[in-house]
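The sequence shown lines up with residues 825 to 936 when you count with the working numbering. Heads up, the beta-carbon is just placed ideally off N, CA and C, and yes, glycines get one too. Small disclaimer: the values here were computed from a predicted structure and weren't measured.
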Amino acid sequence: MGEFVQERVEIEKFGQKLKNVKTNEIAAEIDIETKTQIIEIKKSASSIELEQIEKYINPLDNNFINYSGKEVIIYIDKPLAGSKIPRYKINFINSKGIKIVNSLEELSEVLK
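Written as C-alpha coordinates, this is what we have:
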(Lines of atoms letter the chains of each structure in order from A and count residues from 1; the text may use other names and numbers.)
(Lines give C-alpha, C1' and ligand atoms only; values in the text may rest on other atoms or scores of the structure.)
Protein backbone atom coordinates (compact mmCIF):
# COMPACT_ATOMS: atom_id res chain seq x y z
CA MET A 1 0.00 0.00 0.00
CA GLY A 2 2.81 2.40 0.87
CA GLU A 3 4.40 1.93 -2.53
CA PHE A 4 1.06 2.51 -4.27
CA VAL A 5 0.55 5.81 -2.44
CA GLN A 6 4.18 6.90 -2.83
CA GLU A 7 3.90 6.52 -6.61
CA ARG A 8 1.14 9.16 -6.53
CA VAL A 9 1.97 11.52 -3.66
CA GLU A 10 4.84 11.96 -1.24
CA ILE A 11 4.51 10.06 2.05
CA GLU A 12 5.56 11.96 5.17
CA LYS A 13 4.91 9.19 7.72
CA PHE A 14 4.45 5.46 7.33
CA GLY A 15 3.59 3.09 10.19
CA GLN A 16 4.73 5.66 12.72
CA LYS A 17 3.57 5.73 16.34
CA LEU A 18 2.42 9.14 17.53
CA LYS A 19 2.42 10.34 21.11
CA ASN A 20 -0.27 12.34 22.81
CA VAL A 21 1.12 15.83 23.32
CA LYS A 22 -0.46 16.07 26.78
CA THR A 23 0.46 12.67 28.25
CA ASN A 24 3.47 11.75 26.10
CA GLU A 25 1.99 8.26 25.76
CA ILE A 26 1.39 6.54 22.43
CA ALA A 27 -1.98 7.72 21.14
CA ALA A 28 -2.09 6.07 17.74
CA GLU A 29 -0.18 4.56 14.89
CA ILE A 30 -0.43 6.34 11.57
CA ASP A 31 -0.64 3.93 8.65
CA ILE A 32 0.15 6.58 6.02
CA GLU A 33 0.37 10.35 6.27
CA THR A 34 0.93 12.71 3.36
CA LYS A 35 1.20 16.48 3.32
CA THR A 36 -2.60 16.83 3.24
CA GLN A 37 -4.09 13.46 4.22
CA ILE A 38 -4.06 10.69 6.81
CA ILE A 39 -4.84 7.24 5.46
CA GLU A 40 -6.03 4.55 7.85
CA ILE A 41 -5.83 1.06 6.35
CA LYS A 42 -8.30 -1.57 7.49
CA LYS A 43 -8.53 -5.18 6.39
CA SER A 44 -12.31 -5.19 6.60
CA ALA A 45 -15.15 -2.84 7.44
CA SER A 46 -15.89 -4.77 10.62
CA SER A 47 -12.49 -3.75 12.02
CA ILE A 48 -13.49 -0.07 12.12
CA GLU A 49 -14.09 1.11 15.68
CA LEU A 50 -16.11 4.31 15.87
CA GLU A 51 -14.19 5.38 18.98
CA GLN A 52 -10.98 5.34 16.92
CA ILE A 53 -12.45 7.90 14.54
CA GLU A 54 -12.47 10.51 17.31
CA LYS A 55 -8.67 10.71 17.38
CA TYR A 56 -8.81 12.28 13.91
CA ILE A 57 -11.76 14.65 14.27
CA ASN A 58 -12.27 15.60 17.92
CA PRO A 59 -9.65 17.90 19.46
CA LEU A 60 -11.13 17.12 22.90
CA ASP A 61 -10.38 13.40 22.52
CA ASN A 62 -7.52 12.24 24.77
CA ASN A 63 -5.81 10.58 21.80
CA PHE A 64 -6.36 13.36 19.24
CA ILE A 65 -3.58 13.39 16.64
CA ASN A 66 -4.84 15.44 13.69
CA TYR A 67 -3.53 18.84 14.81
CA SER A 68 -2.96 19.94 11.20
CA GLY A 69 -6.58 19.26 10.24
CA LYS A 70 -5.65 16.85 7.48
CA GLU A 71 -8.29 15.07 5.45
CA VAL A 72 -8.85 11.53 6.73
CA ILE A 73 -9.34 8.55 4.43
CA ILE A 74 -10.15 5.03 5.52
CA TYR A 75 -9.09 2.41 2.99
CA ILE A 76 -10.91 -0.91 3.42
CA ASP A 77 -9.28 -3.84 1.66
CA LYS A 78 -12.18 -6.31 1.61
CA PRO A 79 -15.24 -5.43 -0.52
CA LEU A 80 -17.99 -3.55 1.29
CA ALA A 81 -20.68 -5.27 -0.76
CA GLY A 82 -21.97 -8.13 1.33
CA SER A 83 -20.07 -7.04 4.43
CA LYS A 84 -21.84 -7.09 7.77
CA ILE A 85 -20.96 -3.50 8.63
CA PRO A 86 -24.10 -1.62 9.57
CA ARG A 87 -25.00 1.17 7.16
CA TYR A 88 -25.25 3.60 10.10
CA LYS A 89 -21.55 3.06 10.79
CA ILE A 90 -20.55 4.11 7.27
CA ASN A 91 -23.00 7.02 7.33
CA PHE A 92 -21.62 8.19 10.69
CA ILE A 93 -18.04 8.09 9.42
CA ASN A 94 -18.97 9.95 6.23
CA SER A 95 -20.93 12.54 8.23
CA LYS A 96 -17.70 13.38 10.07
CA GLY A 97 -16.00 14.28 6.78
CA ILE A 98 -14.01 11.07 6.58
CA LYS A 99 -13.85 9.38 3.20
CA ILE A 100 -14.16 5.61 2.93
CA VAL A 101 -12.57 4.03 -0.14
CA ASN A 102 -12.78 0.40 -1.07
CA SER A 103 -10.37 -0.09 -3.97
CA LEU A 104 -7.00 1.13 -5.15
CA GLU A 105 -8.78 2.94 -7.98
CA GLU A 106 -10.96 4.83 -5.48
CA LEU A 107 -7.92 5.61 -3.35
CA SER A 108 -6.05 6.93 -6.38
CA GLU A 109 -8.96 9.26 -7.15
CA VAL A 110 -8.91 10.90 -3.70
CA LEU A 111 -5.15 11.22 -3.17
CA LYS A 112 -3.91 14.82 -3.23
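Of the residues the options, the one placed nearest residue i, counting alpha carbons only
i, options, result
"THR847", "ILE835, ASN886, GLU853, LYS866", "ASN886"
"ASP855", "GLN840, GLU831, ASN844", "GLN840"
"LYS867", "VAL829, SER932, MET825", "MET825"
"PHE828", "ILE909, ILE863, PRO910", "ILE863"
"ILE835", "ARG911, GLN861, ASN844", "GLN861"
Residue j beta carbon less than 8 Å from that of residue i
i, j, result
"ALA851", "LYS879", "yes"
"VAL934", "ILE897", "yes"
"ASN915", "ILE924", "no"
"LYS913", "ILE865", "no"
Backbone CA spacing between residue i and residue j [nearest angstrom]
i, j, result
"ALA869", "GLU875", "14 Å"
"PRO903", "ASN926", "6 Å"
"GLU849", "LEU928", "33 Å"
"GLU930", "SER892", "24 Å"
"LYS837", "ILE900", "19 Å"
"SER907", "ILE877", "20 Å"
"LYS859", "ASN890", "12 Å"
"PHE888", "LYS936", "23 Å"
"GLU857", "GLN830", "10 Å"
"ILE909", "GLY921", "19 Å"
DSSP bridge partner residues for residue i (one or two, in chain order)
i, result
"LEU842", "ALA852"
"GLU873", "GLU873 pairs with nothing; no bridge assigned."
"GLN861", "GLU895"
"ILE835", "THR858"
**Asked** Considering only residues of the region 898 to 933, which uninterrupted beta strand (DSSP E) runs meet the minimum length of 3 residues and lie entirely inside it, listed in chain order?
**Response** If one requires a minimum length of 3 residues, the beta strand (DSSP E) runs lying completely within the region 898 to 933 are 923 to 925, in chain order.
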